[in-house]
Structure formats: C-alpha cells, structure tokens
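Chemist: Protein chains in written order, with the working numbering: chain A, 1 to 322; chain B, 323 to 706.
Mind having a look at this structure? Questions to follow.
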Amino acid sequence: MSGDVLIQILPSVLLEGLLLGFVYAMIALGYTMVYGVLGLINFAHSEVFMIGAVTGAEVYRHLLPHVGNPYLLLAISITTAAAVSGGTAMAIERLAYRPLRRRGNTNRLVPLITAIGISFFLQDLVRLIEGMWHNEFFVNYPSTPALERTFQITEMLSIQMKAIIVITVSLAMLVGLQLLVTRTRLGKAMRAVAQDAHTASLMGINPDQIISRTFLIGGALGGVAGVLFGVLYTKVDPFVGFLPGIRAFTAAVLGGIGSIPGAMLGGILLGQLETSAGVYLPLLTDGNIGTEYKDIFGFLILVLFLLFRPQGILGRKEGEKL
Amino acid sequence: MRIPSIIITLLLALTFTTRADNQVIRIATCCPLSGAQAGLGEYIKLGAQMAVEGAQPRFAELGFNLQLFPQDDQATPDVGVAVANRLVNDASVLGVVGHFNSGVAIPASEVYKDYHLAMVSPANTNPKVTDRRYANVSRICGRDDVQGPVGAEFAVNELKAQRIFIVQDKTAYGQGVAEAFRDKAKALGANIVGFTGTEEKSNFSTIVRLIQVHKPDLVYLGGIYDQAGVLVKQMREKGIEAVFMGPDAFDSSEFVKIAQDASAGTIYTTVAGPIDQFPAAKDFASNFEAQFHRAPESFAPYAYDAANVVIAALEAAIRANNGARPSRQAVCTAIRAVTMDGITGKIAFDAKGDRLTSDYYIVKLETASYPGKAIKVISSAPPQ
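Spelled out as structure tokens, the structure:
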C-alpha cells in the first residue's frame, strides 16, 4: 500500500472514528453518572441503549408513511427513544437497585449481579415483544434519501447528512449535560450526592430523588445514542447493545469513571482508536493482521491505564471514605 | 418405617407407569429457534415436522409413538453442547436432525458420538463435520470445500472478477468457506486484495473503508445473512459497486428484508436449491404452505429429507430387531445403509457420511426480492 493512500483516507477515517466516538461517549455518560452517584457499575445500561435503538426504529418506520419531513421524523424518534430509555433506566433503579440499597446491602457484588440479570431479562423481553409483533428480531431503520444525501468534500472525503445530524445532536447533548451538571440546582445536587450522599441529605437534598433523576438523564442519553447508532448503521436487534455497551464502559473507565468530561473524552478516544486500528492495521501489515484485531488497541490502552493511572485520564483518585 | 415404604411403593408404581413411555421414539431437531439466525433455523424444524407427522401413522402401526422434539441451540456452541447433553440422556431420543451451524454441530456431535446417537445434518457444510469419520454423523447437503471453489470458479471464470476482497465471520463455517473460496480464486489467477475477519454485526465502517481503498470488483463474505445484509447496505451507501457474493447462509428472505434495495444483484452459492429446482418437492411445497401459511425456504426440504432418512433407518432397525425398540447404535448403522429418493434427489451415503452426489447452485437475486433465480447447477461428489 502506498503511503499516499494512507494519508488520503485519514480525514475520512478520523470522521468515522468521531461518529463512533460520539455514540460511545453518550453511552459512557450513563455508566459514569450512575457510578458517580452510587459507586455502581450499571451493566444493564447497554440494554437501556438497545431499548432506545429499537424504540427509535419502531417509531421511525411506523411514522414514515405519515410524517413527510425526515428531520421531524428523526426528532420524534429521538425524543420517544429518550423518554422510553430514560423511563426504563428509572424503573430499573426503582424496582431493582433501590430495594437493594434500602436493605443496607453493602456488598458491591449484589447490585452488580443484579445488573447483569436485568441485562439478560431486558434482552429477552425485547426479543419476545419483537418476536410476537413482527415474527422477527431485528428492526431496520428505513433509508430515506434526505438522510443519506452525500456531500463530497474532497475525492476521498465525503460526509452524509446523517453523519452531520449525529455530530450535531451529540454535541448538543454533551454540552447540554455539561451545563446541566455545572449550572443548575439539579446538577449541584447531583454533584453533592456523588460527593457524599449522607451529608447531602442533611442539606435538604433527597438522595433517592437525585439518584432517580440521574438514571433518567443517563438513560435518556443512552436512548438518544441508540437512535443515532441505528441511523448510522441501519440495523438493530435485541442483542445490539452488548458490544457498544462494553466498549462504552471501557471508554468510561479510560476517561476516569465518575467524571463526565472524562467519559466524553474516553468515548471519542476509543472510537478513534477502534476505527483507525481497524483500517490501518490491515493496510500497514499487508493484510496479515485483519480488521478483527481492532479492539486489541482499545483494550491494550485500557490495561496500560489500569496499570499506570488507574483513575483514568480525568478521574480523581478515590480518597479513603470514612 | 411405614411412610418410607409407602413412598418406595409409590416410586415403584411411578417407574412402572413411565414404562409405557418406552414406546415413545423422539427425533430431535437442533437449530437456532431464537436470536438473529432463527429465520433459517425455523425452516429446519418445520421441514422435519412435516416428515415426522407424515410417518406417525406408520409408526403407530408398529406400536411406537413417534414424536418431534424441537430444540433451540441459539446458534451458539455452548448452548448446542448443553442441548446435546440433554438429548443423549433422554433414552427416547433415537435421532437428531441438525444442527444448523457447523460451529455448533462439530462440538455437539462429539457428545452424540460418545452415546452413539445418530445425527443427520440438513445444513452443516464445514468439511470437518464428516471428515472426522464418526459413524453416527451424516449429512445430506454439500460441503464448503466444494461450495467455496464452485463459487470461486464462477466468480473468476464467468464474472471475470480480477480483484477480490474477502471478509469472513470468524466461525468454523464462515472462515472455512471463505478460505476455500480464496484458495481456489487464487489458483485461478485472481488477485486477492484483502482477507479479513469481523465479529461486528452492525458497524462495518472500517471494512467498507478498506474495500474502498482496495477497489475490488467482487466482495465475498463468508458469513450469514444477518451480517451480509448490513454489510452490503453500508457498501452501497458508500457508493461501492463491486459484485457482492457469498455462501449458502445468504439464502433467506430475511437477507432481502435487511439489505432492502441493496440486496439486488447479490450472488450466492448454495447447497440447498430453491424449491422450484426439485420436481419431486411439489407436494411437499404445497402441503407446507397449507400447514404453515408460508412457502418453504432454504433448508426446509433438506430437513424434510434428513428427517426421512432417520425415519427410514428407524423403520429398518425396528424390523431388524423383530419389531422391538432398536438400540441407538443400530440406528446409526441403518442410516448409512439408507438409499432413498428424497425430494432433493437420490440419497445415499459414502463411508464418511457425505451424500454420494450433492448439487451446488449459483443463485442470483436479480431484484431486491426473495427467492432468487438459480443461474447454474453443478453436481459434484464429495472429495475423498
């Protein structure tokens, strides 16, 4: 492979990495926010993402004949998916994690195993519903010419309308979340609960309510990510959450779990690593190392971080809790 | 000590009542009935169901209650092995029709082998399935080491493909057929510009980018329709016009549903011909449609034939055993001795368990609709 081609394709590889990175970042936020307030790794979050993706697809394809404007249609899908995913995340917290917390269970393994159990439950629940409804388990995002319109920037770089939408929506979400956490009373309360739930409750904050809202916001972001993922890659099914979920979790750890800017940074970094490795590994090794090894790099970096900077890029060292 | 003795009596009574179950003979089907590949697996179950229901009166006359015992292996090797372990421990199971995935059939058949449980596969194309020469494993479809080369010959000689990019799904099936395709295409003088694996199900952006860089005139995917549909859709979206080609696991109406317009022009080789290729399958097709309200697809006629092979072997073994229930071993031996005219053609097995001659089809989806048209049929004996 000549060096010219490698450089020529670089901008488009970076663009694809960025798109994937934004999706990962939005999922990673769900992991990191919940970890921030509860110290719990909510493995069911990948299913919250999946539910968003499937809901969005169902809304999209059922309203397609009735709503002419594809942008409006997408907006409706995203909103519905965000509401359903946020609601699911809140319900998970209310029905599973809160009762465990009330029991005063201090063993961290218990909620973790619960999360994995919920994850399986939700996968099969969606599979059951989809199976009964359509007698098939996957859902397509129907293609619309408007979203697939391609702008040719240079010979090797083109950008699709849907990519522009993904970037815009993700940026809006990420900035919005940052403002919410740093500028509003709710954000302040969330940070207070994350710091010390007990003391926060002495200041008139209801930790249960804040935790519930954290799940709502994290879940809604996951749902939006699900729709964007579906729009980008066209097919979703009840098992679609697993790989993006595990990678987004990696991104959250990479960025520093518990840190919101860290999750964004980690997501974009991982998306870039995965895409670049997937394209350049086979090209540079003349096909001897296939694109299937792309994950090695992301996870290698994760291992290095865990060894030398376990708190992640932007995370803080966890102080001794008294 | 009165109570325990009552319990023992009750238990004894129970064992005697279950004795009547002795006359139940079950034929299990093993295939994915849930998950992404259920679309193909379902037809294996339904095809076998037709055969079993057809044979039930004959078995009733012999004094046996023949039943279908459908199992879901979820297209996953460990689930397949768990199912296999359950089946070998159920004495009423005397034959297995399945599995669907070679990667599942190979480990599962290791379990069957230890218990001499006969497995007749309607769909496993990986050479290793029969190359291990297990006496209990047979198949009625073709092999990937013929299917891959048949596809490669078509691609190079008739489609005049010069630059070929190959993707495989890293399963025993996908990788096996992709490698067979690659080796033959190379031998015929084509340039293999890329060979890569992927476990992705939805995001193929890196592969599409690689394809764009290498500018192949043909892309071959050794994989299953749920990946194939998405890959070809994303390729076409990026303006790649290379011919898209693959093996028999593309053969599902779901492929068209996933890829939509992008499915038009796709070419695949298959070991299971479209139903209109089999004149003897006319009755089967109309009965199938009457019973299940859909046309039989992909491996349904093969599952029907596979189940009928097991049924014929069971009948022969029962007769040889003077009308009594045969041993599992006797069923295995009887299967290898079966010669019959199935709806997919003449069925007889060689010493390894391969069918003496199998047909390989090249099918093209002229438009974005299923089923496609068989544009070439090649009959071939299995390599020895």
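The C-beta atom is built at its ideal place from N, Cα and C for all residues, glycine as well.
Quick one: list the residues of chain A neighbouring glycine 551/B, beta-carbon separation under 8 Å, in chain order.
Modeler: Lys235
Chemist: At which residues does the beta strand (DSSP E) containing threonine 518/B begin and terminate?
Modeler: 513-519
Chemist: With 8 Å as the C-beta to C-beta threshold (strictly closer), list the residues of the region 351-366 of chain B near chain A in chain order.
Modeler: Ser356, Gly357, Ala358, Ala360 and Gly361
Chemist: Take the Cβ of arginine 561/B as the centre, count every other Cβ of all protein chains shown within 10 Å, and call the residue buried at 16 or more, exposed below.
Modeler: For the sequence presented, residue 561/B should be read as glycine rather than arginine. Exposed is the call here.
Chemist: Is it a yes or a no for the region 523-531 of chain B touching the region 275-283 of chain A, going by three-plus beta-carbon pairs under 8 Å?
Modeler: They touch, by the three-pair rule.
Chemist: Using DSSP with H/G/I as helix, E/B as strand and the rest coil, what is glycine 255/A?
Modeler: Three-state result, glycine 255/A: helix.
Chemist: Who are the Cβ neighbours of valine 231/A in its own chain at under 6 Å, not counting the five residues just before and after it?
Modeler: Tyr141 and Lys162
Chemist: Can you name the residues that DSSP bridges to threonine 591/B?
Modeler: BP columns for threonine 591/B point to Ile684/B.
Chemist: Measure from the alpha carbon of leucine 269/A to the alpha carbon of each residue in Leu73/A, Leu283/A, Phe249/A and Leu284/A, then state which is nearest.
Modeler: Phe249/A
Chemist: For aspartate 265/B, which of Phe600/B, Met557/B, Pro601/B and Ala445/B has the nearest alpha-carbon?
Modeler: Here chain B comprises residues numbered 323 to 706, so residue 265/B is not present and cannot be evaluated.
Chemist: Can you tell me which of Ala646/B, Pro623/B, Thr689/B and Ala634/B puts its alpha carbon nearest to the alpha carbon of glycine 385/B?
Modeler: Ala646/B
Chemist: If the cut is a Cβ gap below 9 Å, which residues of chain A does isoleucine 580/B touch?
Modeler: Phe138, Asn140, Thr234 and Lys235
Chemist: Could you tell me if glutamate 155/A is buried or exposed, where buried requires 16 or more neighbouring beta carbons within 10 angstroms of its beta carbon?
Modeler: exposed
Chemist: Under 7 Å Cβ-Cβ, which residues of chain B neighbour lysine 294/A?
Modeler: Thr528
Chemist: Taking 8 Å as the cut-off, decide whether the C-beta atoms of valine 552/B and threonine 55/A are in contact.
Modeler: No, they are not a contact pair.
Chemist: What's the gap between the Cα of valine 346/B and the Cα of glutamine 484/B?
Modeler: Note on geometry: alpha-carbon atoms of valine 346/B and glutamine 484/B lie some 57 Å from one another.
Chemist: Are the beta-carbon atoms belonging to methionine 26/A and alanine 251/A less than 8 Å from one another?
Modeler: No. Outside cutoff.
Chemist: Only counting the same chain, and skipping five residues up and downstream in sequence, which positions put a Cβ closer than 6 Å to that of proline 70/A?
Modeler: The answer, listed in chain order, is Thr144, Ala146 and Leu147.
Chemist: Any beta-carbon of chain A closer than 8 Å to the one on threonine 588/B?
Modeler: no
Chemist: For arginine 127/A, decide whether its Cβ has a neighbour in chain B, counting only Cβ atoms nearer than 8 Å.
Modeler: It does: the Cβ of arginine 127/A has a partner Cβ on chain B nearer than 8 Å.
Chemist: How should valine 50/A be labelled, buried or exposed, when 16 other C-beta atoms within 10 angstroms of its C-beta is the threshold for buried?
Modeler: The residue asked about is misnamed: residue 50/A is methionine in this sequence, not valine. Buried: at least 16 other Cβ atoms inside 10 Å.
Chemist: At the level of alpha carbons, what is the spacing between leucine 390/B and leucine 216/A?
Modeler: 47 Å
Chemist: If glycine 290/A sits next to threonine 518/B, beta carbons under 8 Å apart, how far is it from one beta carbon to the other, in whole angstroms?
Modeler: 4 Å
Chemist: Distance check for alanine 673/B and arginine 658/B, CA to CA, integer angstroms please.
Modeler: 8 Å
Chemist: Can you pull the chain A residues whose beta carbon is under 8 Å from the beta carbon of glycine 516/B, in chain order?
Modeler: Ordered by position in chain A, the residues that pass the 8 Å Cβ test against glycine 516/B are Pro282 and Gly287.
Chemist: Any contact of the region 579-593 of chain B with the region 451-469 of chain B, i.e. 3+ C-beta pairs under 8 Å?
Modeler: yes
Chemist: Please say whether glycine 417/B and alanine 494/B have beta carbons closer to each other than 8 Å?
Modeler: Cβ atoms of alanine 494/B and glycine 417/B: not closer than 8 Å.
Chemist: For the region 27-46 of chain A, which residues have a beta carbon sitting closer than 7 Å to at least one beta carbon of chain B?
Modeler: In summary, no residue of the region 27-46 of chain A has a CB separated from any CB of chain B by less than 7 Å.
Chemist: If we count the other Cβ atoms within 10 Å of its Cβ and call it buried at 16 or more, is threonine 32/A buried or exposed?
Modeler: buried
Chemist: With which residues is cysteine 353/B paired in a DSSP beta bridge?
Modeler: Asp394/B
Chemist: Please classify glycine 104/A as buried or exposed, where buried requires at least 16 neighbouring CB atoms within 10 angstroms.
Modeler: The residue in question, glycine 104/A, is exposed, as its Cβ has fewer than 16 Cβ neighbours within 10 Å.
Chemist: For the region 437-446 of chain B against the region 626-639 of chain B, do three or more pairs of beta-carbon atoms, one drawn from each stretch, fall closer than 8 Å, so that the two count as touching?
Modeler: yes
Chemist: What are the start and end residues of each continuous alpha helix (DSSP H) run of 4 or more residues lying completely inside the region 358-394 of chain B, in chain order?
Modeler: 360-384
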